[in-house]
Amino acid sequence: MSLATAPPNQKLAVSKHSTAGINNNHSAKTPAAQFAATNLQQLRVAFAHARLESDSFKLASICHSISTSFSMTRFTDAVDKAAVADLVSGFFADAIISCDDADLADVLESFSTVIIEIGSVLLIQQKLPNLLSALLPIARGSKNNSTISGSSWTLVAGSRRAAIRCLSNLCLKTGSSKNALNLQETTLQVFLDSLMEKRSDNFRNDTLYDKMIVALLKGIQVLINENKNAFAICTPQLCSRLHTLIFSSDSANNGPNHHRRSSGSSWRSWSSVTSNNQPTLHSQAESSDSEFSDSGDSDRYSIEKVKLNALYCLQHLAKAQPKQIYTKLPLFISPPHHQSLFAIMSKPNASTKLKIAASLALQSLISGSAAYLAVAEDMPRPTATQSFTSLSQTLARLVVDMHKGLLGAINAMAAVCADAAVVVGYFKCLVVVIRESPYARLSGGSAGGGNNNKDLRQDCFDAICSYQDISGAFADYDTVQVAMLEVYAALLDAGFQLPNAVTKTRIINLILSAFKSLKPRSNITTTTSSLAITEIENIRLASLETLCAFVRNQFSLVKDDWSAVFEPQILIPFFLENNASSGSTDDGVENKGIQQTSDLVKVACVKFIEQFAAAAVATEVAVAAVAAADAMARKSEPLPVDSKLILKRSEWWSSVLERYICVNAINHGLFAVRALALEVLGHVPADVFETLPQNLQLLCKVGVLKMLDDWNENDLAYIISLASKLPTLAKDKAVLVRVRASWAIANLGDTLLLEGNDQVKSEISDSIHTVLVESAIFSANDNDKCRSNGVRAVGNFLRVIPAEKASTCFSQNLEAELDAIKKNIATGAFKTRWNACYAAYNFFQSPTFASITSNNKDVTNNNNIPAPASIAQLLDSLATALIASKNYKVRINAAMAIGGIAQVEGYIGDGRVGRLVEVLEEACANVDDLGGTSFGEFKYKRDLNRQLRKSLAHLRKLLIISDKSV
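Just so you know, we're using my numbering here: the sequence shown kicks off at 297 and counts up by one.
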C-alpha cells in the first residue's frame, strides 16, 4: 500500500524514534545515499521507492534520511531545480497527510530542514496549495481539518510546533510575488489566531505549550522582516499580547521555583477574542532553531525563552511600525514598576540575555517614538478646577519615568558589578533616551523624584561617573569605556553644562587615557592582534567624538588646551607621526593590519580640527555681536580689538594650516581627510587669510585647485568599476541587495548630474552608459522597495548624455525608459511617483529630448527615437498626477515636468499646450482644496502654488510665441 493511499488508522504507530533506529530500519529499502544523488533520474527512482513504504515509522525514517542526505547544491540547472523542488515537496506533502500521529512531528521536523535546503521561492512556485493544505490544519491543532484523534496532547503540541516552524521557514525570503503574498497572509493569520487563542485545558505540559509559543513568536519575527507593512493594523493588539507574555505575574514577582499555575493572569490562562477580526500580515529573518532544555529547571528556562522571544518580537515590531507602536510606549515604561521593561533590567536574577533583550526593545520603542516625545513639555500640575491633563504634560511625566527607570537599572548594575555586555547595553539605551528627550521643554523633575528643578541630565551624568570610579571591576572595561564616552558626548550635545572644572578634567583624563600606550587585554587569547587593535581604535574614535562634542557645545572650557594637551598628546603622534609605516607603533603592535583602523583615527583627528576651528570662529562672531550690541547701547563706536588677540588668532591659524592642513591633510590618500581639510579652509576668516604669509596663502589656493581636479583624475575609473558590478547586484536574488544596488545606481546618476563635468561625461563610453541605463530600468520595474531609486536613476542617466552625443547616442532602451517613467508616475508609493515625475522633468531637460524636437526633423523616421505618442502619453500621465494625486510633492514635480519643455514642438502640437494650460489652471484653482490630503502635506502648499504659476506662465508664453509665428 502506498503512502498516499494508506489509511492512517491501519498503520503501525510507534513512539519517537532514535537516530540509530532511523538508519537501521531505513537502510534495507532506501539507503540514505540514494537521496544524495546528483542525477535527477536517480533521485526520481529513490523517491519512487520511498513512496512504496506504508509503515509510518519507516516513512518517518526515510524523511529523516532525506533531511540529512539531500543537497540542492548538487543541481545547477534551473529546470532540474524546479523538478527537484516539485518532487521533494510532493513527497513530503503526501507523507504529512499519510503518516501516523506518533510520527507526524518527526516528518515535519525533517521537512522544515528540507525547506531551508531547497529554498522557499522554488517550493511555493511548485506545490503551494498542496503544502498549505497539509500544514495549515496541523498548525491550527488539527489534522485533515479534524481534531487529531488517538494521540496524546503531547504529540499534538509537538506536531503543531513543527508545523509552525515549517510555515516560518516556508515564508523566509519569499519576496513579494503573488504566491508569496498569499502564503504570508495565510500564515500570519494562523500565527495570530494561535497566539491570541485561549489555552486549551488539554495542554497538561507547560513546557510543550511554551515551545509552541516560542515557535509562533519566531515565526512572527520572520513575517515582520519580510513585510513590515502587513502589521500596520494589528500592531496595537499584538503589543498588548506581547506585554502579557513578557510580564506574566507568575514570573514577574516570584522566584524561579514559584508554581507556574498560581496566578490566573499568566499567559497560559490569558484569553482574547480569537482572530475572526484579526488582520492579515506578511515576512523575512531567519530565527534560531535552538530550544530550551527539557531537563533540570526546565520550567524556569521555558518562561525565560518565551519572554526572550517576546522581547525580540517587540524590538522587530517597534522598528517596523514606529508610528503604530508609540501609543503603546507607556505600557512598557510607566508604573506599575513590576510590569515595565526596567523591572527586567533591574532584576538581579534575570539572565544576561533577558536584560540585553529588554534594553534593545526599549531602544527601539524610544527611537520610534521620537516625534511623539518631542511635544513633551513640563507645565504646572493641573489644578482642582482643571478637568484634564494635556498630552504634553503626560509625555513630560513619561520622559521623567524613562530616566528614573533606566537610571535605577544602571545604578543597580553598578552595585553588583554586572556583566559588561549588560552595562554597555544600558548605556546605549541611555544615549537614545538623552537624544530623544526635549530637555529644553522640561522645567523640572529629577529622576530621583519630586519637582525640584534638578536637571535630568545631571542625574545621567552622576550615574555614568559612578562607573568611572569602579572601572577595575570589569574584565572587559574597554567596551564599557567606549559606551561611557558615547553617553558623555550625548549629554554635551543635549546641552548639559558641566558644573565645574573638576568634572571637565575628569572627562578629559578619560579621553586622553585612550591615547596612551594601550596594550591588548591579558584575558584575550588570539593568534593575531587584530581584535585588540580594533578595541583600541574604537576607544580612540569614541574619545575623539567626545572631544568634538566638547568643542561644539562648551568651547570655552577647552579652548586653552590646544597647545598644551590636544596637539602633543593626540594630533602630533596620531595624525602627523603615525602613518602606518613599517615597524611598530607606540602600542608595541606591528603596523601590519593596522593601517585601515589608523586611517579611521586620522579622519577623526581632522574632524576634531575642523570642529575646533568652526567653534573658534563661531565664538569670535558671537563676541563681536555682543560688542556691537553693547556699542549700540552706549551709542559709541565698538572698542578696538586687542592687537595681541589678533596676532594670536593669526598665529594659531598659520600653525594649523601649515602643520596639519595644507601639507598633510589636503594631500592625504583618504578622500574623507581631504574633504575635511577643505572644510577647515572654509572656516578661515577673511581678515585672517589676508594676514597669512604669502607662501601659506598660495598653498591653500593650490590645495583647493588640486581638489577640483580630483574628479578628472580618479573618478572615471571608479565609475567604470561600478558599471561593471552594479548590474549584477541589481538583479541579485536577495531583495535587500537589489535595494542597495538601486540606491547606488541612483546616487551615481545624481553625482554625474550634479557634480560631473562635461569632460568626464563625454569619456563615459556608450557601452557603459547602456549597462547603467539597463540596470536602472530593471530596478524601476522591480520590487516596490527598488522602484523609487530605479526611476530616479533613469531620469538622471537620460539627462547626463553630453550634447555632442545626443544626436547620435540614442539608447536602444529609450522607449523602455519612458515606459518605466510612465508606469511609476501612475502606480507605487508616493516617493516613487514624485521621483518618476522628476525623472520626466530630467528627460525634458536632456540633450536627447532637445535633439528629438530640434531642427523640425521628422522624428518618426528614426527607429531609435520614441514615437510622438509615447511623449504624449507621458504628458498625459503627468497631467493626471497633477489633478488626481493627494500628495503635494507628486503634484509639485508633475507641474515642474509639464513646464520643463522649452519649445512648443516638444508638446506634440499647440493643441496639447492649450489642454495643459487648462489642467494647470484647474490645479491652481484647487490648490486650497485639502480634501483627502494628509495634514503633513499642508506645508508644501506654498511651493505647489509657486510651481503651478511658474509652469502656467511658461506655457502661456509658448502659446503667444506660437500665435505670433503663425
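All residues carry an ideal CB built from backbone N, CA and C; glycine is no exception. None of these values were measured; they are calculated from a predicted model.
Three-state class that DSSP yields for S367 in the structure shown: Note: S367 maps to coil in three-state DSSP.
To the nearest angstrom, how far is the alpha carbon of N1159 from that of E1113? In this predicted model, N1159 has a pLDDT of only 44, less than 50, meaning its place in the structure is not dependable; the value taken from the coordinates is given anyway. Rounded to whole angstroms, N1159 to E1113 spans 15 Å at the Cα level.
Does the separation of the CB atoms of F388 and S361 fall below 7 Å? The Cβ-Cβ distance between F388 and S361 does not fall below 7 Å.
Beta-carbon proximity of I1117 to A1136, cut-off 7 Å: If you check the CB distance, I1117 and A1136 come in under 7 Å.
Can you check which of these residues, D765, P795, Q620, Q990, is closest to D751 by C-alpha distance? That would be P795, whose Cα lies nearest to the Cα of D751.
Three-way DSSP call (helix, strand, coil) for L738 in this model: DSSP, read as helix, strand or coil, puts L738 in coil.
Do three or more CB pairs link the region 342 to 359 to the region 393 to 412 at distances below 8 Å? Verdict: yes, contact present.
Outcome for A1030 when other beta-carbon atoms lying within 10 angstroms are tallied against a minimum of 16: Exposed, since its Cβ has fewer than 16 Cβ neighbours within 10 Å.
Can you round the beta-carbon distance between V847 and F792 to whole angstroms, since I take them to be within the 8 Å contact cut? The Cβ separation is near 15 Å, so there is no contact.
Pull up the distance between the alpha-carbon of N887 and that of V902, whole angstroms please. With a pLDDT of 40 at N887, under the threshold of 50, the predicted position of this residue should be treated as unreliable, though the coordinate-derived value follows. Cα to Cα, N887 sits roughly 21 Å from V902.
Alpha carbon to alpha carbon, how far is E600 from G446? Give it in angstroms, no decimals. In this predicted model, G446 has a pLDDT of only 42, less than 50, meaning its place in the structure is not dependable; the value taken from the coordinates is given anyway. Going from the Cα of G446 to the Cα of E600 covers about 32 Å.
Around the C-beta of F684, are 16 or more other C-beta atoms found within 10 angstroms, so that it is buried, or is it exposed? Answer is exposed; the Cβ neighbour count stays below 16.
Contacting residues, own chain, Cβ-Cβ under 6 Å from A459 (five flanking each side not counted): Excluding sequence neighbours, A459 sits near L404, L431, I434, A435.
How big is the Cα-Cα spacing for R1129 and T1123? If I take the Cα positions, the gap works out to 7 Å.
Might you give, ordered along the chain, the residues of its own chain that have their beta carbon closer than 7 Å to the beta carbon of L1094, omitting 5 neighbours on each side? Hits under 7 Å: E1113, N1138, F1139, S1142, T1144.
Mapping the DSSP letters down to three states, classify T684 as helix, strand or coil. First, the amino acid is wrong: residue 684 is Phe here, not Thr. DSSP places F684 in coil when its eight states are reduced to three.
Assuming H634 and N521 make a contact with CB atoms under 8 Å, what is their CB distance in whole Å? With a Cβ gap of about 31 Å, H634 and N521 do not count as contacting.
How would you call V798, buried or exposed, if buried means at least 16 neighbouring beta carbons within 10 angstroms? Exposed, since its Cβ has fewer than 16 Cβ neighbours within 10 Å.
CA-to-CA distance, V1090 to E256, given in whole angstroms: Only positions 297 to 1262 of the chain appear in the structure, and residue 256 is not among them; the question remains open.
Hey, how far is the Cα of V728 from the Cα of F638? If you take the alpha carbons of V728 and F638, they lie about 15 Å apart.
Keeping to the same chain, check which residues put their C-beta closer than 6 Å to that of M1192; ignore five residues upstream and five downstream. The answer, listed in chain order, is Y1137, Q1243.
Say whether the region 961 to 978 touches the region 920 to 932, bearing in mind that this needs 3 or more beta-carbon pairs closer than 8 Å, one atom from each stretch. No: the two stretches stay apart, fewer than three of their Cβ pairs being nearer than 8 Å.
Which residues in the same chain have their Cβ closer than 7 Å to the Cβ of N605, if we skip the five residues on either side of it in sequence? Annotation for N605: V510, L513, K514 place their beta carbon closer than 7 Å to its own, counting only its chain and skipping 5 residues before and after.
Contact set for N553: own chain, Cβ-Cβ below 7 Å, skip 5 residues either direction: Residue placement at N553 cannot be trusted, given a pLDDT of 38 that sits under 50; the coordinates are not used to answer.
Can you tell which of D1046, E1070, H345 has its C-alpha closest to the C-alpha of K1021? Ranking D1046, E1070, H345 by Cα distance to K1021 puts E1070 first.
CA nearest to the CA of K1235, picked from V854, V1213, I1188: Of the candidates V854, V1213, I1188, the one whose C-alpha sits nearest the C-alpha of K1235 is I1188.
Boundaries (first-last residue) of the alpha helix (DSSP H) holding F792: Counting along the chain, F792 falls outside any alpha helix (DSSP H), and DSSP gives it neither H nor E.
If A710 and S762 are in contact, beta carbons under 8 Å, what's the gap, nearest whole angstrom? A710 to S762, Cβ: 5 Å. Contact.
Decide if I1257 is buried, meaning its Cβ has at least 16 other Cβ atoms within 10 Å, or exposed. Answer is exposed; the Cβ neighbour count stays below 16.
Can you look up S946 in the DSSP assignment and give me helix, strand or coil? Of the three classes helix, strand and coil, the one that applies to S946 here is helix, per DSSP.
Excluding five sequence neighbours on each side, which residues of the same chain lie with their C-beta closer than 6 Å to the C-beta of I1041? Excluding sequence neighbours, I1041 sits near L1022, S1071, A1072, A1089.
Is the Cβ-Cβ distance between Q617 and T503 less than 7 Å? At least 7 Å separates the beta-carbon of Q617 from that of T503.
For L788 and A910, the rounded distance between their alpha carbons: About 17 Å.
If we ignore side chains and look at the alpha-carbon of each, how far apart do Q533 and D1046 end up? For Q533 and D1046, the distance between alpha carbons rounds to 43 Å.
For L1251, which residues from the same chain have a beta carbon less than 7 Å from its beta carbon, with the 5 sequence-adjacent residues on both sides left out? Answer for L1251: G1195, V1209, L1212, V1213, L1216, listed in chain order.
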